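Residues in the sequence shown are numbered from 1 upward in steps of one, following full-length UniProt numbering. The C-beta atom is built at its ideal place from N, Cα and C for all residues, glycine as well. Computed from a prediction, not measured in an experiment: that's the story for all the values here. Read through the structure below, which is laid out as structure tokens, and then see the notes.
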Amino acid sequence: AKRKKQEAIERERKRREAERKRLEKEERERERIEKEKERLKRIELERKKREAEQKKEELRKLKEEEETQRIQEERRRKKSVDERKKREEERKKEELRKRQEEERKLKEELRLLDEEERRKEAERKRKAEERRKEPPKPKWNWKAVDYSLDLTVKSQSQRPTCSAFASIRAIEIKLAQLGKNLDLSEQYFYWASKPNCQSIPCNNWGSAFGVGIRASKNSSKKDIPPETSCPYQNEDRPNNQTQIPLRIGCQRDGIAKVVKYEYFNSVDELPSFLDKNHPVIGGFTLSPAYYETKAFLSL
């Protein structure tokens with residue numbers, strides 16, 4: 001019985017030892033599983049952290065790219081604005097330079113015209129003084145110069161272009177005396193007589209025929225076009241006296257120019273010019289009676 005009891009004790013001991021080992025094994029397995037779970041959890045957290053950092057980095061790069069593009073676009077826009085402003089400033093400078101150059105040329109032309117007028121006035125006074133010393137006997141046999149009554153009479157309508165009509169008619173008479181029957185443009189000559197109104201519309205009324213005569217003489221080519229290329233416009237345009245822009249033919253189709261002219265300011269010289277068959281352009285001060293008279297003068 002004692003032996004059986006010892007065997008039972010031994011079996012119980014072995015059973016308990018086996019149970020203890022089993023429990024230890026289960027505990028180790030549980031710890032291993034927990035550690036594995038913890039490891040996998042750390043790996044997952046690390047992965048999520050890397051993904052978050054990657055997304056954050058991608059977002060940062062995207063923002064950097066957007067900011068770079070914005071800065072580049074702003075620079076391009078600013079450059080475009082600066083270039084446009086620069087071009088505008090250059091255009092304004094060029095326009096100012098051209099205006100100043102035109103004003104300089106006009107002043108120079110006016111200065112030369114003044115010098116020419118002073119020279120001719122001095123010459124006139126000299127001749128007048130010579131005539132006083134030895135008075136000539138002018139021929140007062142009034143007559144119409146050749147071809148002056150053969151050309152068709154033109155109408156200036158209600159426009160202040162009498163000087164242009166007188167100048168063109170004098171040129172046409174002289175050409176007719178040379179065998180050339182031409183109908184020239186008063187529209188062009190009025191424009192040529194008003195240098196301050198050739199590029200900018202103006203409301204300055206009337207003109208001086210001497211300016212257009214000198215401009216034609218100083219021209220390097222035939223400048224006066226025919227009536228067909230630059231026809232006269234009967235309707236007055238008060239705020240655009242020269243009616244610019246002119247037709248292309250007005251400045252392209254020149255067929256005549258002034259080669260020579262003489263200026264005088266004394267009635268005593270008039271007969272000698274008429275005797276030489278020269279047409280004369282005159283400027284006269286008109287009294288109010290001129291606009292009231294019903295008289296008709298004929299030669």
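Euclidean distance between Cα positions of residue i and residue j
i: A192; j: A128; result: 32 Å
i: Q251; j: F264; result: 30 Å
i: L62; j: R77; result: 22 Å
i: D236; j: Q243; result: 9 Å
i: E74; j: A52; result: 32 Å
i: L59; j: E66; result: 10 Å
i: E38; j: K14; result: 35 Å
Best match in the options for proximity to residue i [C-alpha to C-alpha]
i: L178; options: A256, E90 and K41; result: A256
i: V258; options: K41, K5 and R214; result: R214
i: R99; options: K221, I200, E74 and K294; result: I200
i: S185; options: K133, Q198, A166 and Q69; result: A166
i: S151; options: S163, R169 and C162; result: As written in the sequence, residue 151 is Leu, which differs from the Ser given in the question. That would be R169, whose Cα lies nearest to the Cα of L151.
i: N196; options: V211, Q187 and R39; result: V211
i: D223; options: Y190, K105 and S163; result: Y190
i: P226; options: L182, R47 and R20; result: L182
Beta-carbon contacts of residue i that lie in its chain and below 8 Å, excluding the five residues immediately before and after
i: S155; result: N234
i: E88; result: none
Contacting residues, own chain, Cβ-Cβ under 6 Å from residue i (five flanking each side not counted)
i: G206; result: P160
i: S148; result: I173
Outcome for residue i when other beta-carbon atoms lying within 10 angstroms are tallied against a minimum of 16
i: G282; result: exposed
i: K194; result: buried
i: P238; result: exposed
i: K174; result: buried
i: Y291; result: exposed
i: L112; result: exposed
i: D268; result: exposed
i: D114; result: exposed
i: S80; result: exposed
i: residue 301; result: No information on residue 301 is available, as it lies outside the stretch 1 to 299 that the chain covers here.
i: L274; result: buried
i: S163; result: buried
i: S272; result: exposed
Spatial neighbours of residue i in its chain, beta-carbon cut-off 7 Å, leaving aside the 5 residues before and after
i: C230; result: S185, Q187, Y188, L246, R247, G249 and C250
i: C202; result: N196 and Q241
i: D146; result: Q177 and N277
Next item on the list: May I have a chain-ordered list of the alpha helix (DSSP H) segments no shorter than 4 residues that lie completely inside the UniProt domain "Peptidase C1A papain C-terminal" (151-287)?
Entry: 162-177, 186-192, 209-218, 248-252 and 270-275
Item checked: Completely contained beta strand (DSSP E) runs for the UniProt region "Disordered" (1-34), where each covers 3 or more residues -> Qualifying beta strand (DSSP E) stretches: none in this window.
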